[in-house]
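Start counting the sequence shown at 270; every next residue gets the next number (this note's numbering).
See below for the structure under consideration.
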Amino acid sequence: MILILLPSADYDPTESSVPWQTMRNAGIEVRFATPQGLPAHADPRLVNIGFGLLNSMLMTRKADLDSYTKMIESEAFRQPLAYADIDTSRFDGLLIPGGHAKGMRTLLESTQAQQIALQFFKAEKPVAAVCHGVLLLARTLDPDTGRSALFGRKVTALLAATMELPAWLMTAAWLGRYYRTYKQTVEAEVKTALASKSDFIRGPLIAKRDCAQKLQSGFVVRDGQLLTARWPGDCHRFAAEWVAMLQAPQR
């Protein structure tokens, strides 16, 4: 059984539902957890409000919205656990989607969520994160070393120069800091948690959106039992490789 951590609001519908749908198709049971044990709400701008003329670049694609609709209608989604009630020994792996609107802070700044992530790392169970979800792992400190759980690992996450900052610049005139969850970019903060900046793997210079039929267009980084990806455009490959990790014989 796999645990998906969600904030109270503003998570990305693609980054949550595509892995959920892929796990469901593979017969893998999934449970959700939110700060208070209440159903989470995805970022409404990514679900139905949109971005006007920029929809083709920034809006969630229809096929992924269809997966999201199925996910939020599932019993597991409608009856999430609270962070405080999580017993990590019941789960075989942890997945953390991203999102950039301010509601994501209820996950990214949660010490309870960080402790949950730490327990999965300590138990050497599979952990996956995409986009801003990697920030939670960067902020998860191992009390035995005082370092991030990502220290010594190779990862990727939302890129600053080609993803986060361009989206902010294109929308800042009417959305303000909508695309800037924090003053520091995701890439910059994640790099500070690593043993070396070279452990942050950027992937292809030009990012292409993947789909179920073109998994090779996505980009992920696997380091042992840790899988990370950059943005919604990586999520079909991310989901496929995550399921492959979960189904591989454990040594």
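By construction, the Cβ of each residue, glycine as well, lies at the ideal position given by its N, Cα and C atoms.
Only a predicted model underlies this, so the values are computations on that prediction, with no experimental measurement involved.
Going by beta carbon distance, what residues of the same chain come within less than 8 Å of residue 316, once the five residues before and after it are set aside?
Position 47 of the sequence shown, counting from 1, holds the residue named residue 316. Excluding the 5 residues flanking it on each side, residue 316 has same chain C-beta neighbours closer than 8 Å at 282, 329, 334, 337, in chain order.
Let me know the secondary structure DSSP gives residue 417 once reduced to three states.
The residue you call residue 417 lines up with position 148 of the sequence shown. The answer is strand: DSSP assigns residue 417 an E or B state.
Apply the 10 Å Cβ neighbour rule to residue 405 and answer buried if 16 or more other Cβ atoms are within range, or exposed otherwise.
Along the sequence shown, read from residue 1 onward, the residue named residue 405 stands at position 136. So residue 405 counts as buried.
Taking the alpha carbon of residue 363 as the reference point, which residue from 369, 442, 375, 387 has its own alpha carbon closest?
Residue mapping note: residue 363 aligns to position 94 of the sequence shown, counting from 1. Ranking 369, 442, 375, 387 by Cα distance to residue 363 puts 387 first.
Counting C-beta neighbours from all protein chains within 10 Å, is the total for residue 344 16 or more, i.e. buried, or is it exposed?
Counting from one through the sequence shown, the residue named residue 344 turns up at place 75. Under the 10 Å beta carbon count, residue 344 is surrounded by fewer than 16 other beta carbons and is classified as exposed.
Exposed or buried, what is residue 228 when buried is set at 16 or more other beta-carbons lying within 10 Å of its beta-carbon?
Residue 228 is absent from the model: the chain starts at 270 and stops at 520.
Alpha carbon to alpha carbon, how far is residue 332 from residue 455? Give it in angstroms, no decimals.
The residue you call residue 455 lines up with position 186 of the sequence shown. The residue you call residue 332 lines up with position 63 of the sequence shown. About 27 Å.
Report buried or exposed for residue 408, applying the criterion of at least 16 other Cβ atoms within 10 angstroms of its Cβ.
For this step, residue 408 is matched to residue 139 along the sequence shown. With 16 or more Cβ atoms within 10 Å of its Cβ, residue 408 is classed as buried.
In its own chain, which residues sit with a C-beta less than 7 Å from the C-beta of residue 308, not counting the 5 before and 5 after it?
Here the question's residue 308 lines up with position 39 in the sequence shown. The residues 346, 347, 349, in chain order, have a CB closer than 7 Å to that of residue 308 in the same chain once the five nearest residues on each side in sequence are set aside.
Would you kindly check if the distance between the Cβ of residue 512 and the Cβ of residue 292 is under 8 Å?
Within the sequence shown, residue 292 is the residue found at index 23, counting from 1. Within the sequence shown, residue 512 is the residue found at index 243, counting from 1. Going by C-beta atoms, residue 292 is nearer than 8 Å to residue 512.
Cut-off 7 Å between Cβ atoms - residues of its own chain near residue 353, not counting five sequence neighbours on either side:
Walking along the sequence shown from the start, residue 353 turns up at place 84. Leaving aside the five residues that flank residue 353 on each side, the residues in its chain whose CB is nearer than 7 Å to its CB run, in chain order, 381.
Residue 382, DSSP secondary structure in three states
Along the sequence shown, read from residue 1 onward, the residue named residue 382 stands at position 113. Note: residue 382 maps to helix in three-state DSSP.
Could you give the residue range of the beta strand (DSSP E) that holds residue 475?
Taking the sequence shown and counting its residues from 1, the one referred to as residue 475 is at position 206. Counting along the chain, residue 475 falls outside any beta strand (DSSP E), and DSSP gives it neither H nor E.
May I ask you to verify whether the stretch 459–470 touches the stretch 382–402, counting CB pairs closer than 8 Å and requiring at least 3?
Touching, no.
From residue 296 to residue 500, what distance separates their C-alpha atoms?
For this step, residue 296 is matched to residue 27 along the sequence shown. For this step, residue 500 is matched to residue 231 along the sequence shown. Rounded to the nearest angstrom, the gap between the Cα atoms of residue 296 and residue 500 is 25 Å.
Go ahead and pull the three-state DSSP assignment for residue 428.
Counting from one through the sequence shown, the residue named residue 428 turns up at place 159. Collapsing the DSSP output to three states places residue 428 in coil.
With distance defined between alpha-carbon atoms, name the residue in 389, 371, 377, 341 nearest to residue 361.
Start at 1 with the first residue of the sequence shown, and residue 361 comes out as number 92. It is 389.
Mind pulling the beta strand (DSSP E) runs of 3 or more residues that sit fully within the stretch 289–354?
Fully enclosed beta strand (DSSP E) runs of no fewer than 3 residues occupy 299–303 of the stretch 289–354, in order along the chain.
Closer than 8 Å to chain D by CB, residue 411:
Structure shown: chain D not included; a single protein chain is present.
Short check: CB of residue 415 to CB of residue 280, under 8 Å?
By one-based count along the sequence shown, residue 415 stands at place 146. By one-based count along the sequence shown, residue 280 stands at place 11. Not a contact, by the Cβ cut-off of 8 Å.
Buried or exposed, going by whether 16 or more other CB atoms sit within 10 Å of the CB of residue 355?
For this step, residue 355 is matched to residue 86 along the sequence shown. A residue is called buried once 16 or more other Cβ atoms fall within 10 Å of its Cβ, and residue 355 is buried on that count.
Using DSSP with H/G/I as helix, E/B as strand and the rest coil, what is residue 469?
As a first step, residue 469 must be located in the sequence shown, where it is residue number 200. Secondary structure of residue 469 (DSSP, three-state): strand.
If you measure between the beta carbons of residue 447 and residue 370, is that distance less than 8 Å?
By one-based count along the sequence shown, residue 447 stands at place 178. By one-based count along the sequence shown, residue 370 stands at place 101. The answer is yes: Cβ separation under 8 Å.
Pick out whichever of 323, 313, 320, 359 has its Cα sitting closest to the Cα of residue 301.
In the sequence shown, residue 301 corresponds to position 32, counting from 1. Comparing Cα-Cα distances from residue 301 to each of 323, 313, 320, 359, the minimum goes to 359.
Of the listed residues 373, 445, 366, nearest to residue 285 (C-alpha basis)
What you label residue 285 is simply residue 16 of the sequence shown in a count that begins at 1. With distances taken between Cα atoms, residue 285 lies closest to 366.
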